[in-house]
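Below you'll find the structure, written out as structure tokens, and then a few comments.
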Amino acid sequence: MCPHQPSCPPAEALDREAARTMVAHPEQGWSLLCNGVVLFDDTGEILPDGGVIEPHRPLAGVA
Numbered sequence: 001m002c003p004h005q006p007s008c009p010p011a012e013a014l015d016r017e018a019a020r021t022m023v024a025h026p027e028q029g030w031s032l033l034c035n036g037v038v039l040f041d042d043t044g045e046i047l048p049d050g051g052v053i054e055p056h057r058p059l060a061g062v063a
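Numbering-wise, the sequence shown is residues 1 to 63 according to UniProt numbering.
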């Protein structure tokens, strides 16, 4: 479904966040990616199938 070349990673892929942004609403804290993933500023995600990925920010100070 992705019109880009090369195609964006699908929503099921581990690198799904690398898909291109189709709609951005920074004032509301979210973006819609080409693969149908809604990406939130806190790094949480909603997948096209309704699945949820919890925020996954790196922990500061962990070595």
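Beta carbons are placed, not taken as given, at the ideal position from N, Cα and C, and that holds for glycine.
In the three-state reduction of the DSSP assignment, residue 18 falls in the helix class.
The alpha carbon of residue 24 has as its nearest neighbour, out of 32, 18 and 57, the alpha carbon of 32. Ranked by how close their Cα comes to the Cα of residue 42, the residues 35, 22, 53 and 49 have 53 in first place. In the DSSP assignment, residue 47 falls outside any beta strand (DSSP E), carrying neither H nor E. Distance between residue 27 and residue 38, taken at the CA atoms: about 15 Å. Put simply, the backbone Cα of residue 20 is about 13 Å away from that of residue 30.
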